[in-house]
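Encoded as structure tokens, the structure appears first; notes follow it.
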Amino acid sequence: MTAEATSESEFDPARSDRSRPGVPQSPASFTPPPRPYAQGQPPPGAPPAAAPFVQGPPPVGYQERPAPSRDAQLLERTVFEVKKVIVGQDRLVERMLVGLLAKGHLLIEGVPGVAKTLAVETFARVVGGTFSRIQFTPDLVPSDLLGTRIYRAGREEFDTELGPVVANFVLTDEINRAPAKVQSALLEVMAERHVSIGGKTYPMPDPFLVMATQNPIENEGVYPLPEAQRDRFLFKLMVGYPEPDEEREIVYRMGVTPPVAQQVLPITELSRLQQVAANVFVHHALVDYVVRLVYATRTPAEHGLADVAGWLSYGASPRASLGIISASRALALVRGRDFVVPQDVIDVAPDVLRHRLVLSYDALADGIPVDTILTKLLQAIPLPQVSPYTNTGVA
1 MTAEATSESE FDPARSDRSR PGVPQSPASF TPPPRPYAQG QPPPGAPPAA
51 APFVQGPPPV GYQERPAPSR DAQLLERTVF EVKKVIVGQD RLVERMLVGL
101 LAKGHLLIEG VPGVAKTLAV ETFARVVGGT FSRIQFTPDL VPSDLLGTRI
151 YRAGREEFDT ELGPVVANFV LTDEINRAPA KVQSALLEVM AERHVSIGGK
201 TYPMPDPFLV MATQNPIENE GVYPLPEAQR DRFLFKLMVG YPEPDEEREI
251 VYRMGVTPPV AQQVLPITEL SRLQQVAANV FVHHALVDYV VRLVYATRTP
301 AEHGLADVAG WLSYGASPRA SLGIISASRA LALVRGRDFV VPQDVIDVAP
351 DVLRHRLVLS YDALADGIPV DTILTKLLQA IPLPQVSPYT NTGVA
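Using UniProt numbering, the letters of the sequence shown correspond one by one to residues 1 to 395.
And the structure:
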């Protein structure tokens, strides 16, 4: 082939036709006439096109789901309204919304002054419903939280006064400052979703979400949550310091007139979105992956993680598998999808597993962070290759 030959990337069909024998030559300025056929239709004399692909019948268990664009827009407006007050902390805001859709409670840990309490208050204001804030102190008793019976002398009967825990959104500030009996009373309400006072049972309002904050740097006058009680929380979120640009924006935004968030998500819509999130499709291969990941926390040596085996005393319970699946569904809805992709599972797994792993004495003595262990676990378990359009094996 000579240097004047046309490269493959510069192939010109018209010039190629003129180079073949029997094809009449046309001047270089030749302009083809308008096509006498409709746009998108084959020209006269063209060979028949291949038969279009016809999809077969859907598999058993498949259900057509409407596009979640309207729901995604509503959730996006909710996040935008919260971000009017909260600068940065994108992961915190997103996980709070995911926990709300997944009907899971949140444990938020961070140093003082990083907007933990403000984020929870703002979120409750944007979503609507009743809101209650409880400052945990060492002298708190369970009746201060749940309520009590008060004797009315004039009527000679008892009245039941429900405590501040009976609300849609309950913020328990510094949960590790209350004694164990108060923590147990709260966590029982979180699990059972009702309060029993004087032989009568009072259900919690729907939705019911507890967001607890704790300070990791103080050791005096605190009561750390036992492992069994930490397992009641869906997420444990770590809140760090803002970046310099974000802190500068905080100063400008809060310096004159602090912004006030408005309600954009009614309670009725929230209940509907929780049901939509529960119906988001999860491929069976992703369910198998979640089960293998959680099982690897109990038997890391079987997965080639001998060093991790020495760092863990106990792994996560089956409640972690349920939490990862429900949180992945809610995260997919927040991101505008009606199906879960592997990245959704990867994003929520650390927040679900972080507080469920019991570190060994060696890990605590060596200062091994739990996130380091989670990174090794996620790297050791291979992700499945799934297609979002293969709607089989509905979880």
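The beta-carbon is built from N, C-alpha and C at its ideal position, and this holds for glycine as well.
Status (buried if at least 16 other CB within 10 Å, exposed otherwise) for residue i
i           : result
Leu106      : buried
Gly110      : buried
Glu81       : buried
residue 451 : Within the shown structure, residues of the chain are numbered from 1 to 395, placing residue 451 beyond reach of any answer.
Tyr289      : buried
Gln89       : buried
Gly198      : exposed
Gln214      : buried
Lys236      : buried
Residue i vs residue j beta-carbon contact at 8 Å
i      : j      : result
Leu305 : Ala380 : yes
Arg356 : Leu374 : no
Ala212 : Ile175 : yes
Pro259 : Val370 : no
Val280 : Leu333 : yes
Ala277 : Ala330 : yes
Pairwise C-alpha distance: residue j and residue i
i           : j      : result
Arg298      : Ala316 : 7 Å
Lys103      : Gln183 : 20 Å
Leu140      : Leu75  : 37 Å
Ser313      : Tyr361 : 8 Å
Ala296      : Val386 : 21 Å
Leu186      : Leu234 : 15 Å
residue 420 : Pro216 : The question about residue 420 has no answer, for the chain in this structure spans 1 to 395.
Pro48       : Pro318 : Bear in mind that a pLDDT of 48 at Pro48, under 50, signals an unreliable position, so the number given afterwards is only what the model happens to contain. About 57 Å.
Glu247      : Leu92  : 16 Å
Tyr252      : Asp245 : 11 Å
Phe53       : Pro242 : Confidence at Phe53 is low in this model, with a pLDDT of 38, below 50, so the placement of that residue should be treated as unreliable; the coordinate-derived value is given next. About 52 Å.
Ala320      : Gln229 : 13 Å
Val127      : Asp173 : 20 Å
Gly323      : Val352 : 7 Å
Glu302      : Pro350 : 21 Å
Ile368      : Trp311 : 8 Å
Leu377      : Asp366 : 19 Å
DSSP three-state assignment for residue i, whether helix, strand or coil
i      : result
Leu265 : coil
Ala191 : helix
Lys200 : strand
Met386 : It should be noted that the sequence gives Val, not Met, for residue 386. Coil.
Leu273 : helix
Phe158 : strand
Ile381 : coil
Arg149 : strand
Thr172 : strand
Gln89  : coil
Lys376 : helix
Leu209 : strand
Lys181 : helix
Leu353 : helix
Lys83  : helix
Leu359 : strand
Ala49  : Caution applies to Ala49, whose pLDDT of 45 falls short of 50 and renders its modelled position unreliable; the value that the coordinates give is listed next. It is coil, neither helix nor strand.
Leu331 : helix
Leu237 : strand
> Curious, which full-length alpha helix (DSSP H) runs of at least 4 residues does the stretch 293 to 317 contain?
Replying inline: Qualifying alpha helix (DSSP H) stretches, in chain order: 306 to 309.
> Unbroken alpha helix (DSSP H) runs of length 4 or more, entirely within the stretch 97 to 138: which are they?
Replying inline: For the stretch 97 to 138, whole alpha helix (DSSP H) runs of length 4 or above, ordered along the chain, are 116 to 127.
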